[in-house]
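Accompanying notes for the structure given below.
There are 2 protein chains.
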Amino acid sequence: MTADTTAAPFPSDIEIAEAAEITPITTLAQERLGLPADALIPYGHTKAKVDLAHIRSLADQPEGTLILVTAISPTPAGEGKTTTSVGLADALSRIGKKSMVALREPSMGPVFGIKGGAAGGGYAQVVPMTDINLNFTGDFASIAAANNLLSALIDNHIHHGNALGIDPRTITWKRVVDLNDRALRDIVVSLGGVANGFPREDGFDIVVASEVMAIFCLATSLADLKERLGNIVIGYTRDKKPVTARDLKAHGAMTVILRDALAPNLVQTLEHTPAMIHGGPFANIAHGCNSVMATRTALKLADYVVTEAGFGADLGAEKFIDIKCRTSGLRPSAVVVVATIRALKYHGGVALADLKTEDVDALTRGMENLRKHLRNVKDVYGLPPVVAINRFPTDTDAEIAALIELVRAEGARAYEATHFSNGGAGAEALAHGVLEAIEAGEGEMQFVYADELSLAEKAEAIATKVYGAAGVTFDSKAAKRLAQIEADGYSGLPVCMAKTQSSFSTDATRRGAPTGHTVNIREVRLAAGAGFVVMVTGDIMTMPGLPKVPASDHIDIDENGNIVGLS
Amino acid sequence: MTADTTAAPFPSDIEIAEAAEITPITTLAQERLGLPADALIPYGHTKAKVDLAHIRSLADQPEGTLILVTAISPTPAGEGKTTTSVGLADALSRIGKKSMVALREPSMGPVFGIKGGAAGGGYAQVVPMTDINLNFTGDFASIAAANNLLSALIDNHIHHGNALGIDPRTITWKRVVDLNDRALRDIVVSLGGVANGFPREDGFDIVVASEVMAIFCLATSLADLKERLGNIVIGYTRDKKPVTARDLKAHGAMTVILRDALAPNLVQTLEHTPAMIHGGPFANIAHGCNSVMATRTALKLADYVVTEAGFGADLGAEKFIDIKCRTSGLRPSAVVVVATIRALKYHGGVALADLKTEDVDALTRGMENLRKHLRNVKDVYGLPPVVAINRFPTDTDAEIAALIELVRAEGARAYEATHFSNGGAGAEALAHGVLEAIEAGEGEMQFVYADELSLAEKAEAIATKVYGAAGVTFDSKAAKRLAQIEADGYSGLPVCMAKTQSSFSTDATRRGAPTGHTVNIREVRLAAGAGFVVMVTGDIMTMPGLPKVPASDHIDIDENGNIVGLS
Chain A
6 MTADTTAAPF
16 PSDIEIAEAA
26 EITPITTLAQ
36 ERLGLPADAL
46 IPYGHTKAKV
56 DLAHIRSLAD
66 QPEGTLILVT
76 AISPTPAGEG
86 KTTTSVGLAD
96 ALSRIGKKSM
106 VALREPSMGP
116 VFGIKGGAAG
126 GGYAQVVPMT
136 DINLNFTGDF
146 ASIAAANNLL
156 SALIDNHIHH
166 GNALGIDPRT
176 ITWKRVVDLN
186 DRALRDIVVS
196 LGGVANGFPR
206 EDGFDIVVAS
216 EVMAIFCLAT
226 SLADLKERLG
236 NIVIGYTRDK
246 KPVTARDLKA
256 HGAMTVILRD
266 ALAPNLVQTL
276 EHTPAMIHGG
286 PFANIAHGCN
296 SVMATRTALK
306 LADYVVTEAG
316 FGADLGAEKF
326 IDIKCRTSGL
336 RPSAVVVVAT
346 IRALKYHGGV
356 ALADLKTEDV
366 DALTRGMENL
376 RKHLRNVKDV
386 YGLPPVVAIN
396 RFPTDTDAEI
406 AALIELVRAE
416 GARAYEATHF
426 SNGGAGAEAL
436 AHGVLEAIEA
446 GEGEMQFVYA
456 DELSLAEKAE
466 AIATKVYGAA
476 GVTFDSKAAK
486 RLAQIEADGY
496 SGLPVCMAKT
506 QSSFSTDATR
516 RGAPTGHTVN
526 IREVRLAAGA
536 GFVVMVTGDI
546 MTMPGLPKVP
556 ASDHIDIDEN
566 GNIVGLS
Chain B
6 MTADTTAAPF
16 PSDIEIAEAA
26 EITPITTLAQ
36 ERLGLPADAL
46 IPYGHTKAKV
56 DLAHIRSLAD
66 QPEGTLILVT
76 AISPTPAGEG
86 KTTTSVGLAD
96 ALSRIGKKSM
106 VALREPSMGP
116 VFGIKGGAAG
126 GGYAQVVPMT
136 DINLNFTGDF
146 ASIAAANNLL
156 SALIDNHIHH
166 GNALGIDPRT
176 ITWKRVVDLN
186 DRALRDIVVS
196 LGGVANGFPR
206 EDGFDIVVAS
216 EVMAIFCLAT
226 SLADLKERLG
236 NIVIGYTRDK
246 KPVTARDLKA
256 HGAMTVILRD
266 ALAPNLVQTL
276 EHTPAMIHGG
286 PFANIAHGCN
296 SVMATRTALK
306 LADYVVTEAG
316 FGADLGAEKF
326 IDIKCRTSGL
336 RPSAVVVVAT
346 IRALKYHGGV
356 ALADLKTEDV
366 DALTRGMENL
376 RKHLRNVKDV
386 YGLPPVVAIN
396 RFPTDTDAEI
406 AALIELVRAE
416 GARAYEATHF
426 SNGGAGAEAL
436 AHGVLEAIEA
446 GEGEMQFVYA
456 DELSLAEKAE
466 AIATKVYGAA
476 GVTFDSKAAK
486 RLAQIEADGY
496 SGLPVCMAKT
506 QSSFSTDATR
516 RGAPTGHTVN
526 IREVRLAAGA
536 GFVVMVTGDI
546 MTMPGLPKVP
556 ASDHIDIDEN
566 GNIVGLS
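Going down the list, the protein sequences come from chains A and B. Everything in the first sequence is counted per my numbering, starting at 6 for the first residue and increasing by one. Everything in the second sequence is counted per my numbering, starting at 6 for the first residue and increasing by one.
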């Protein structure tokens, strides 16, 4: 995520990143975290994994304080959640706190597609930027290999006699690749005759949409990883019994493939704050947060850990709490809600082209979106919200002042932050505000729903409490699938809502904070390994395509081996 | 490759490997090769890449002596080419030479399929064995990503208007995955409607069969890599003009993906001889050797470098010379031909089940296979052959003595070697023999054919000179394709024969050294980026399947995170 910078000579993200002086990772780990060299598995000189054995040795250490960064409902104007996470962690470091940031790993698909890199932006980035955006430490490749081994084993099992009696029509397990490749969305495999198996419809998702990715990010140990992988339901038998990866004896080998990847990756921000970048599940059909391994390890190593959830606070923060925190025992102490003047004016009905014009009225109207998120954080999640106003050059002082006032009227703190341009120094006020909120002990995290509710009731709880909806309805096919999942014994799982991030409703065009709408569930998917049931409210694209002029057209290597064109 | 060990308590490869004491790679690089720490890019503590900038700084250094290890025509009895390469390098180290071994990286497909690991065997292995056999340093994943980015860009180009006028029916560029997955051999992509592109037939190969792999292994620098990637021909326009990766603007981004991977991987043998393990193209539709980057870097760092070619000396050594040496300028000084008593008896007509019984007559008959290889090495390739008799427990002294005598009658050296059981000590006689042959300066490498010959004449030269064939014929489709390739200006390229490895003929059942046979070319493929034209003589499987009980069934992780079941 990069903020729009209209000031002419501001350098690009990659220019800033490439100019950075990066501390050798072993030095950083030793000096900032007290990690000895043998606790690290180096990947080059500026990246390392923290050894799982060392992590196990930290089990009895006290944990630091967790700060969750989320946002208003995303708009095309951009909010800057990752930059704020990085800037806040840097600011905490600047004011003398032992802090870390824990973020998701970027996918290569968007890097070569439309979005470009994803490691913060401006002077609030993690480095080495090109490495993080490309193959990094190989985690995504390992996740793809584990996912695809299971796929191969499924078709191989059917080919060699299908002893388990798998009904090929019911297989929901897809292959994956870490690219945007629309041609692979809907395919037919096993053509070409007897030697190639039984033809069936299939498809590829992008790696970040794989259930293996979600499992990887929720696993608390290798043993837990293997257990969860074994629980994956790939489809059903002819008599409608779930078939698991364990039934196919795939989970051991899948765990072996993922063994090295499970150790979390340590890098640093431009200002040398240690950063964990590990795992990156989709935020719609999955929970959208970096790995539990990374967050927990960071909490063992630092006093304050800033982490990020996907999309806005209705989706990302809710899943962070109801899925990641529920399964792992993690508990944040404060929630930073990132907002921009531009985005709030957009929520207030202003067109994209007009966002540069001062408009306090529109801002005030758009505040209804932020207001609902703040009330959710406070009343539904039980946590103190702190608003980070990620300042853009076109924002006026009047607008900033008006927004701070509007937030204060909600009983919450708000701070202007300029980390994109100024690094950690630009987020110091925010950092102090977050610490104040934490020290005030203004709440205790609570789940949106109890484990004991039925899956439909859980969806209903989220829709009514968090989205402001009147209720939930189910398409008949979805209702049938839900009944099957409940009958198979999965009703105790949390739900994972796959809803547009652009609105509290399921209609992406309804900005602000609509109420009284109905959330219709079109499809229900079981992620038995990850441990949640996905409720799909719209069209969810799990394999993006490339644009007419992909970013890859301009990504190149110069004579000295330097990468150019990576945004 | 592991030799058959009938002696009961001999430990398994993984037991030996896991018990090994591995020198930290930075220490090894410093002590054995004089490489400073900043010349290495560590991947954990026992693996590293040698930095490309450091390699460039070695350009003016003299190069060591290159020793090629090849074999008789492979049999189901096993020959042990990789173990011999490792054992010979260890033996050279033992007798005071600064030596290295350069080998291919194993593919994960066979690891989970039928073959198990591929990092030598017994006491002649490279370590860390599990790492090398699994994700290693991520090279194969990067190669897959580069390959598949090109695939995505092809379909994306067609989807967005097909400005280049690509005829989708002519696309030969396939997607790849590093797994054995027969379901992906023949597929139809882009189903599901307008948003998903234009449906067409497609398929996946295993990564090692990708032309990107062949290119990667022949590239001499990042610039050369990019040039070769740009040259890839992915298909044709409606008016039959070749369409390249350069036309699709894919080569820059592909090079960026491969940038880190191109640096060769440094590990070690069980006896701490430095080993380069880098790249691993198929030996049928590609040239089957580790990367030029690895071999050349090893030659800059060591006085003696042992490297391995694929299959037998008719295929692997020929391609090593006519493709790898031709393009890179590398020149071996001696050729080790690995043979076993068992395999030669098999070539002499003995059934697999009877190979344990002494049979000097059969051995003498089977010698015709070794004899033809020896004469090829000496007379066609112009190099001194040295026979390594990789001893098995069931071989008798009479058989060994008879074979040494038979080889001497050919004017070549032969040595019994027991490196599988005894490590480098078991190959010292072989090492001395190789050094003698090198010091005698008994030849100078020559190509089998000149660049100026037509592609058909090149195939003819290989078939008649190396295979002992009467001549070459072409299926009409192959002849037509060949004419197109010549017309498009690719006649100056070397040819890459895809023939069964089991016989000098194209009939896998004809053991020994058949003569007068005809080599029929069924298919011709252009690998314009790799820089060769493949002549396919039979069915070439570029995507293996899994057996009924895949190795993955038994590969698992124990409570301590140790991998079990990897053979």
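For glycine and all other residues, C-beta sits at the position ideal for the given N, C-alpha and C. What you are looking at is a predicted structure, and each value in this text was computed from that prediction instead of being measured.
C-beta atoms of residue i and residue j nearer than 7 Å
{"i": "leucine 230 (chain A)", "j": "threonine 249 (chain A)", "result": "no"}
{"i": "threonine 300 (chain B)", "j": "alanine 532 (chain B)", "result": "no"}
{"i": "alanine 22 (chain A)", "j": "valine 132 (chain A)", "result": "yes"}
{"i": "valine 500 (chain A)", "j": "leucine 458 (chain A)", "result": "no"}
{"i": "isoleucine 176 (chain B)", "j": "valine 439 (chain B)", "result": "no"}
{"i": "phenylalanine 425 (chain A)", "j": "glycine 198 (chain A)", "result": "no"}
{"i": "glycine 566 (chain A)", "j": "leucine 45 (chain B)", "result": "no"}
{"i": "glycine 353 (chain A)", "j": "glycine 371 (chain A)", "result": "yes"}
{"i": "phenylalanine 117 (chain A)", "j": "alanine 266 (chain B)", "result": "no"}
{"i": "valine 272 (chain B)", "j": "isoleucine 282 (chain B)", "result": "yes"}
{"i": "isoleucine 211 (chain B)", "j": "methionine 548 (chain B)", "result": "yes"}
Neighbourhood of residue i by C-beta distance below 6 Å, restricted to the same chain and skipping five residues each side
{"i": "lysine 504 (chain A)", "result": "Thr511, Thr542"}
{"i": "valine 341 (chain B)", "result": "Val74, Val391, Ala393"}
{"i": "arginine 37 (chain B)", "result": "Pro279"}
{"i": "threonine 80 (chain A)", "result": "Ala348, Tyr351"}
{"i": "isoleucine 60 (chain A)", "result": "Thr302"}
{"i": "tyrosine 454 (chain B)", "result": "Lys463, Ala466"}
{"i": "valine 153 (chain A)", "result": "Looking at the sequence provided, one finds asparagine at residue 153 (chain A) rather than valine. So the list reads Arg180, once near-sequence residues are dropped."}
Partner residues on chain B for residue i, Cβ-Cβ distance less than 7 Å
{"i": "phenylalanine 117 (chain A)", "result": "Leu154, Ala258"}
{"i": "leucine 196 (chain A)", "result": "Asp191, Ile192, Val193"}
Chain-ordered neighbours of residue i on chain A, where CB pairs are closer than 8 Å
{"i": "aspartate 327 (chain B)", "result": "Correct list: empty, because the minimum Cβ distance to chain A is about 30 Å."}
{"i": "glycine 284 (chain B)", "result": "Per Cβ cutoff of 8 Å: no residues; glycine 284 (chain B) is ~16 Å from chain A at best."}
Contacts that residue i makes with chain A (C-beta to C-beta distance below 9 Å)
{"i": "tyrosine 495 (chain B)", "result": "Result: empty, since nearest Cβ-Cβ is about 26 Å, beyond 9 Å."}
{"i": "leucine 40 (chain B)", "result": "Result: empty, since nearest Cβ-Cβ is about 15 Å, beyond 9 Å."}
Contacts of residue i in chain A (Cβ-Cβ under 7 Å)
{"i": "tyrosine 48 (chain B)", "result": "Tyr48"}
{"i": "asparagine 185 (chain B)", "result": "Ala157"}
{"i": "methionine 113 (chain B)", "result": "Ala150"}
Beta-carbon proximity list for residue i, same chain, < 7 Å, skipping 5 on both sides
{"i": "proline 173 (chain A)", "result": "Ile163, Phe203, Arg205"}
{"i": "aspartate 563 (chain B)", "result": "Val569"}
{"i": "phenylalanine 509 (chain B)", "result": "Ser78, Asp319, Lys377, Tyr472, Gly473, Ala518, Pro519"}
{"i": "aspartate 9 (chain A)", "result": "Because aspartate 9 (chain A) carries a pLDDT of 47, less than 50, the predicted location of this residue cannot be relied on, and no value is offered for it."}
{"i": "aspartate 561 (chain B)", "result": "Val569, Gly570"}
Chain-ordered chain B contacts of residue i [CB-CB under 9 Å]
{"i": "alanine 200 (chain A)", "result": "Arg187, Arg190, Gly550"}
{"i": "glycine 543 (chain A)", "result": "Simply none; closest approach about 15 Å."}
{"i": "histidine 165 (chain A)", "result": "Leu551, Pro552, Lys553, Val554"}
8 Å Cβ cut-off: residues of chain B touching residue i
{"i": "leucine 57 (chain A)", "result": "Gly566"}
{"i": "aspartate 160 (chain A)", "result": "Asp186, Arg187, Ala188"}
Check your understanding: Which residues, in order along the region 254 to 267 of chain B, keep a beta-carbon less than 8 Å from a beta-carbon of chain A?
Key -> Lys254, Ala255, Gly257, Ala258, Thr260, Val261, Ile262, Arg264, Asp265, Ala266
Point to revise | chain B contacts from the region 139 to 151 of chain A (Cβ-Cβ distance under 7 Å) | key: Leu139, Asn140, Gly143, Ala146, Ser147, Ala150
Exercise for review: Select from the region 228 to 240 of chain B all residues with a C-beta closer than 8 Å to any C-beta belonging to chain A, and list them in chain order.
Suggested key: Ala228, Lys231
Check your understanding: Got a sec: which bits of the region 550 to 564 of chain B sit with their beta carbon under 9 Å from any beta carbon on chain A, in order along the chain?
Key -> Gly550, Leu551, Pro552, Lys553, Val554, Pro555, Ala556, Ser557, Asp558, His559, Ile560, Asp561, Ile562, Glu564
Point to revise | Those runs of the alpha helix (DSSP H) which lie wholly inside the region 298 to 386 of chain B and span at least 4 residues | key: 346 to 352, 365 to 380
Review point. In chain order, which beta strand (DSSP E) runs of at least 3 residues are fully inside the region 129 to 206 of chain A?
Key: 129 to 132, 180 to 182, 192 to 194
Point to revise | Residues within the region 172 to 184 of chain B neighbouring chain A, beta-carbon criterion of under 7 Å | key: Val182, Asp183, Leu184
**Study point:** Any beta strand (DSSP E) of 3 or more consecutive residues that is wholly inside the region 501 to 556 of chain B
**Key:** 523 to 526, 528 to 532, 537 to 541
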